[in-house]
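Just below is one structure, and these are the notes that go with it.
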Amino acid sequence: RSLVAVGRRPLSGDSGLERLGLELDERGFIRTDNHLQTGIEGIYAIGDVRGGPLLAHKAMYEGILLAEILAGARKPVRARAVPMVVYTDPEFASVGLTPAEAERQGLKVRVSRVPASAVGRSLTLGRAEGMCKMVADEKTGRILGASILAPQADVLIAEVTVAVELGLTAAELGRVIHPHPTMSELVFEAGEALLSRAVHILNR
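Residue numbers (the UniProt record's numbering): 1 to 204.
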């Protein structure tokens with residue numbers, strides 16, 4: 001059994017933020033530009049108060065970015081890949097677009113599904129349940145996202161996050177040697193399956 005409790009609302013209604021001149025969006029989050037600055041010069045906002053994924057690692061990323069901005073490095077916020085993890089047993093993790101989200105953006109996609117049992121390390125762990133589903137742009141091969149339900153999914157999702165953020169293709173992912181036997185091969189196999197050249201499952 002699992003319980004996933006999600007959905008939070010900001011308690012900004014009676015906070016007086018609007019009286020200060022800070023602009024809130026329709027849900028009550030503080031609006032900022034892509035340098036984390038609010039509508040008032042010199043006042044910045046990071047983390048949950050900005051909306052988007054309400055995750056600690058996103059807030060920490062924005063905090064580091066804001067420190068760089070204040071130090072004079074005018075680097076805009078551009079992260080498109082924010083991973084999320086549900087600490088079930090086994091873990092569930094995802095990043096980027098789902099097939100439905102990609103198609104709503106007008107993209108044609110390829111989707112691979114590789115069971116965890118295709119990876120030798122899952123068998124030696126006695127944990128063969130789960131799978132990795134990976135999504136790529138059919139035209140360019142660029143990896144758009146993935147969902148992983150498997151042991152160590154919280155660690156495995158980091159590689160897909162790098163791929164999505166840097167715009168890597170499935171072919172580029174396939175040129176990276178993954179140690180054997182490790183759970184990282186689940187990500188490798190999912191990328192190879194997008195190209196119909198996976199080794200440990202039947203290709204479509």
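Ideal placement from N, C-alpha and C gives every residue a C-beta, glycine not left out.
This structure is a prediction, so every number in the text was calculated from the model and none was measured.
Counted as a single uninterrupted DSSP element, the stretch harbouring Leu54 is not any alpha helix (DSSP H), since DSSP gives it neither H nor E.
Taking the C-beta atoms as reference points, Ile143 is found nearer than 7 Å to Ala163.
Annotation: the continuous alpha helix (DSSP H) that includes Asp154 extends over 153 to 166. The continuous alpha helix (DSSP H) containing Ala170 extends over residues 170 to 174. Non-local beta-carbon contacts of Ser184 in its own chain, meaning distances under 6 Å to residues more than five positions away in sequence, involve His178 in chain order.
Taking a C-beta distance under 7 Å as the contact criterion, Gly39 and Glu18 do not qualify as a contact pair.
DSSP lists Val86, Leu149 as the beta-bridge partner residues of Phe92. Burial check for Gly7: the Cβ neighbour count within 10 Å stays below 16, so the residue is exposed. Looking at Thr140, Ala193, Arg204, Leu156, the one whose alpha-carbon comes closest to that of Leu168 is Thr140.
At a Cβ-Cβ threshold of 7 Å, Leu149 and Phe92 count as neighbours.
Leu186 places its beta carbon less than 7 Å from that of Val119.
In this structure, Pro83 is the residue among Val77, Pro83, Arg31, Ile30 with its C-alpha nearest to the C-alpha of Ala56. With 16 or more other Cβ atoms inside 10 Å of its own Cβ, Ala170 counts as buried.
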